[in-house]
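Undergrad:
In my numbering, the protein residues as written are 43 to 368.
#1: With residue 242 as the anchor, note down where its alpha helix (DSSP H) starts and where it stops.
#2: What residues in its chain sit with their C-beta under 7 Å from that of residue 224, if we drop five residues either side in the sequence?
#3: Using only the alpha-carbon positions, how far apart do residue 246 and residue 292 sit?
#4: Considering Cα atoms alone, identify which of 321, 342, 322 is closest to residue 270.
#5: Taking the CB atoms as reference points, tell me whether residue 325 and residue 220 lie closer together than 8 Å.
#6: Using the C-alpha atoms, what's the distance from residue 58 back to residue 129?
#7: Do the segment 174–189 and the segment 137–147 meet, that is, are 3 or more Cβ pairs less than 8 Å apart?
#8: Using CA atoms only, rank isn't needed, just tell me which of 335, 226, 337, 328 is closest to residue 282.
#9: The beta strand (DSSP E) that contains residue 271, what's its start and end?
#10: In the DSSP output, which residue or residues are listed as bridge partners for residue 252?
#11: Just grab the DSSP bridge partners of residue 57 for me.
#12: In the DSSP assignment, the alpha helix (DSSP H) including residue 309 goes from what residue to what residue?
#13: The alpha helix (DSSP H) spanning residue 51 covers which residue range?
#14: Within the continuous alpha helix (DSSP H) that includes residue 219, where are the two ends?
#15: Under 8 Å: do the segment 325–340 and the segment 248–262 share three or more Cβ pairs, one atom per stretch?
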């Protein structure tokens, strides 16, 4: 039975039903308190009532903290996801209770992020949030009526980039990385240029994963684990590094790497060249060496040839030279 009582300038609605916890909520107007009470009673009568006190007290920040602790470490792309979560935590959205977050609020977050980053980046952030809400309902028992991310249009992923460096630019970038305060930036960039490995795979690499005698390394990323060959330049660079059997090959944080790399690119006078573009550059050069599609996929970790094609730039001039040899 519902009880409505005045408390100063507000009205408190209380709904009691045997076998259910007492529900209460405060309103500025009596009619709103009565309307809420009737709604709760209808839900109870229909057997559709669920305890929403938890979703009204738990913020998105609370959920992200738990997700980062319990779910993210189990993912192959954990390093990048931690960075993604840190970005979301800086938004005003995380201050809201999860039960109050709706599609409009998610759309506002999407549109604001699109002003600063690419559609692909925002798409990945929304995918993370969507999975977060699904986990909250399915695994953690939160009584959410709907996943708010499912109510909004996802941004179109950005077109594949085709940035590659000239030999002069590549050397300028390596020289610029050598000037970074952290001594690990140059080795990381050299490894990326020589192996086409992803940033997360590189930072997760340990010395146990490296076999310098066989000239191979085992990397683990979002598509699983694979063994990649080490070029003479890469092998030489790795042999020059200090090492510990248990430690990471490149003991540098992703945030330090991002900031130092951006400064190194600017110092080298190169425009619009992201760390991920190093992978594109590396695969393009490997293709020019004559490696076939299967060999390139074994190095890159791409599941299909179509996915690999996004990362390899074929120069028409190079093709013309090959035709001239025939």
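For each residue, glycine too, the CB sits at the ideal point set by N, CA and C.
TA: So, to answer that:
#1: Residue numbering aside, residue 242 sits at position 200 when the chain shown is read from its first letter. It spans 241–246 - the alpha helix (DSSP H) in which residue 242 sits, taken as one unbroken run.
#2: To locate residue 224, count along the chain shown from 1; it is residue 182. For residue 224, where only same-chain residues beyond five positions count, the Cβ hits under 7 Å are 294, 298, 302.
#3: By 1-based counting over the chain shown, the position of residue 246 is 204. By 1-based counting over the chain shown, the position of residue 292 is 250. So the alpha carbons of these two residues sit roughly 8 Å apart.
#4: Here residue 270 refers to the residue found at position 228 when the chain shown is read from its first residue. The option with the nearest alpha carbon to residue 270 is 342.
#5: Sequence index remark: in the chain shown, residue 325 carries index 283 (1-based). Sequence index remark: in the chain shown, residue 220 carries index 178 (1-based). No, these two residues do not count as a Cβ contact at 8 Å.
#6: For the purposes of this step, residue 129 is taken as the residue at position 87 of the chain shown. For the purposes of this step, residue 58 is taken as the residue at position 16 of the chain shown. Cα to Cα, residue 129 sits roughly 42 Å from residue 58.
#7: yes
#8: Counting from one through the chain shown, the residue named residue 282 turns up at place 240. Nearest option by C-alpha distance: 226.
#9: The residue labelled residue 271 in the question sits at position 229 within the chain shown. First-last of the beta strand (DSSP E) with residue 271: 266–271.
#10: Residue 252 sits at position 210 when you count from the first residue of the chain shown. According to DSSP, which records beta bridges pairwise, residue 252 is partnered with 259.
#11: Along the chain shown, one-based indexing puts residue 57 at 15. Per DSSP, 44, 65.
#12: For the purposes of this step, residue 309 is taken as the residue at position 267 of the chain shown. Start and end: 296–309.
#13: Along the chain shown, one-based indexing puts residue 51 at 9. No alpha helix (DSSP H) holds residue 51; DSSP gives it neither H nor E.
#14: Within the chain shown, numbered from 1, the residue matching residue 219 stands at position 177. From DSSP, the alpha helix (DSSP H) with residue 219 extends over 209–219.
#15: no
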